[in-house]
Every structure is written in C-alpha cells, then in structure tokens.
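Read through the structure below, which is laid out as structure tokens, and then see the notes.
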Amino acid sequence: MADRDGGWIALFSGGKESSWALHRALESGLDVRRLVLVHPPTPSSSYHAPGTPVIRLAARSIGIPLVDAGLPAVDVEPPDIGVDSIGPEDAEIEPLEPTLRSLDADLDGGVAGVVVGTVADEHRAAGVRATCDRVGCDVHAPLWRAPPRELAKRMIDGGLEIRILQVTAPGFDESWLGRRLDRDALSDLVELNRESDVHLLGEGGEYETIVTDGPHMACPIVVAFRREWHGTWGRLRIANAWLDAPAAARQWNHESE
C-alpha cells in the first residue's frame, strides 16, 4: 500500500455500487477530488454507463468534477455511450492507467488512491490494484466481499434511490424496468436468485441500475423514460432528466438517441 498525500479519485458509473462506495469514502473522510467514468474502447460488462446525462447530473449534485477515462484526463462531460454489455475485460481496465497518471501529475499532491465499488469481481479488483501499484497509489474498496443481501439492505436503508435500468436474465420481465430497488424488490430478487440463480446485486450483468438520490447528493435527479422490451431483455430509454432544485436545475432532453 502506498502512503502519500494528495486527492482520491472514485470510479463512478452512476450505478448503486459505485455510488455507495463513494458515499462510504466521503463518510470516512477521504478527500475525493474527481469522479472517473471508465469509458473503454468497446462496450463493457464491468463498467456500464447508464444514461450518460444522469451521470453528468449526479456529478453536479455530488459536487465533484467528472473525468472520462476514454478521453484526455481533463474535466469534461463524457459523450453519449450505450449500455450494451459485451467486450473483453482487459479493455475495461486499460483506459484507467493513463488517466490516473495524468491526474497524478495535475492534482495538488497527486493521486492518493482510487475508490472502487467492486464487490466480488476478482479480475476487476486485480486489474485496478495492479494499475494502482504501477502508478503508486492506494485502493479503497469498501464493499469488497460484503454479503450481497446485507449490502443491498444497507444501500436501500442508507438512502440510495436506485432504479433498474436494464435487465438481461431469465425471470425478469418488462415490469422491472424503472422499478425502484426497495425492500419489496429485494425480496423478489431473492426469489429470482432461488429460481434462476440471478445474483442479488446483478454482479453477473443480470441487471443494471442508476442512482437518482442519496446521502452523497445535494439534490435528487428526476428522470422521464420509456421502456424498450426485446422479448428476453429490456432497458430504459431516458428521454429527460434534471436536478430537482430550482437553483441547480440543469435540464437535458434527448429524444433522438
């Protein structure tokens, strides 16, 4: 483990694990100065990008600049990218290192470490740790090896407003799209786990989420969407999203995606 001053960066997809890991890091007093959206050259399974406008709005509500690891490491708004889940895992981690090195040079005191919301993905955890070792910074993984059901309960009870963005596994139907992940939904996921071996947190890509409110955010995000169902899988198409605060309202509207 490196022992250095400087700022922390948090890998941020807008989903439940990255949001909860960020909250835990901030709660513990880590100086998180950047959110990093890993935008690999091909669509990926480990780093999903739920409606990109929601990620932008979440960063504004959190109050931490957002950096896209697929572009030069400057404070930019990421381009529109999809939510399809295929691609080599090595490509998911590769864009992170040049971004870390650039931020290490730019931030006062460099990069102290990386906050990651990984729960059980050994490949991703090893890749992030190896990257951080080469850069010379730490890794903070507050969710690592947490029991899935207990972790889901902590996120729900801790104030995350979680919406189901995409479902791709047997047992799901169109009614899950846009559904809030609350205690009732968690009970239904437990049943799906028993019947179809669906991972309670969607670690196998069975479902993806967006977080629209939480204790780490100054104001919630309101989303308007339509459902797209393709027989065995479906996703939300976000038509409109905005911060629910008059002084901070930043509206985005996109119907032709």
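Just so you know, this note's numbering puts the end of the sequence shown at 258, numbered straight through with nothing missing.
Every residue gets a Cβ at the ideal spot worked out from N, C-alpha and C, and that includes glycine.
Within a Cβ cutoff of 7 Å, which residues of the same chain sit near residue i, ignoring the five residues on either side of it in sequence?
{"i": "residue 110", "result": "6, 7, 8"}
{"i": "residue 239", "result": "52, 54, 55, 224, 226"}
{"i": "residue 199", "result": "170, 172, 190, 193, 207"}
{"i": "residue 274", "result": "In this structure the chain extends from 2 to 258, so residue 274 is not present and cannot be described."}
Which partner residues does residue i have in the DSSP bridge list?
{"i": "residue 141", "result": "116"}
{"i": "residue 239", "result": "226"}
{"i": "residue 1", "result": "With the chain covering only 2 through 258, there is no way to say anything about residue 1."}
{"i": "residue 244", "result": "222"}
{"i": "residue 8", "result": "112"}
{"i": "residue 136", "result": "For residue 136, which the question treats as bridged, DSSP gives no partner whatsoever."}
{"i": "residue 33", "result": "9"}
Quick check: residue i and residue j, are their CB atoms within less than 9 Å of each other?
{"i": "residue 215", "j": "residue 162", "result": "yes"}
{"i": "residue 133", "j": "residue 101", "result": "yes"}
{"i": "residue 221", "j": "residue 62", "result": "yes"}
{"i": "residue 141", "j": "residue 31", "result": "yes"}
{"i": "residue 179", "j": "residue 146", "result": "no"}
{"i": "residue 36", "j": "residue 65", "result": "yes"}
Could you pull out every residue in the same chain whose Cβ sits closer than 6 Å to the Cβ of residue i, ignoring the five residues on either side in sequence?
{"i": "residue 22", "result": "116, 118, 143, 144"}
{"i": "residue 59", "result": "15"}
{"i": "residue 156", "result": "17, 21"}
{"i": "residue 223", "result": "243, 245"}
{"i": "residue 177", "result": "165, 168"}
{"i": "residue 211", "result": "15, 51, 55, 164, 166"}
{"i": "residue 174", "result": "none"}
Please classify residue i: is it buried, with 16 or more other beta-carbons within 10 angstroms of its beta-carbon, or exposed?
{"i": "residue 158", "result": "exposed"}
{"i": "residue 124", "result": "exposed"}
{"i": "residue 231", "result": "exposed"}
{"i": "residue 183", "result": "exposed"}
{"i": "residue 113", "result": "buried"}
{"i": "residue 188", "result": "exposed"}
{"i": "residue 219", "result": "exposed"}
{"i": "residue 233", "result": "exposed"}
{"i": "residue 139", "result": "buried"}
{"i": "residue 135", "result": "exposed"}
{"i": "residue 185", "result": "exposed"}
{"i": "residue 128", "result": "buried"}
{"i": "residue 160", "result": "exposed"}
{"i": "residue 236", "result": "buried"}
{"i": "residue 131", "result": "exposed"}
{"i": "residue 34", "result": "buried"}
Might you give, ordered along the chain, the residues of its own chain that have their beta carbon closer than 8 Å to the beta carbon of residue i, omitting 5 neighbours on each side?
{"i": "residue 197", "result": "170, 171, 172"}
{"i": "residue 202", "result": "17, 18, 120, 149, 152, 153"}
{"i": "residue 204", "result": "120, 121, 122, 149"}
{"i": "residue 98", "result": "132, 135, 136"}
Query raised in the report: Going along the chain, which unbroken runs of the alpha helix (DSSP H) with 4 or more residues stay wholly within the region 161-219?
Result: 184-197
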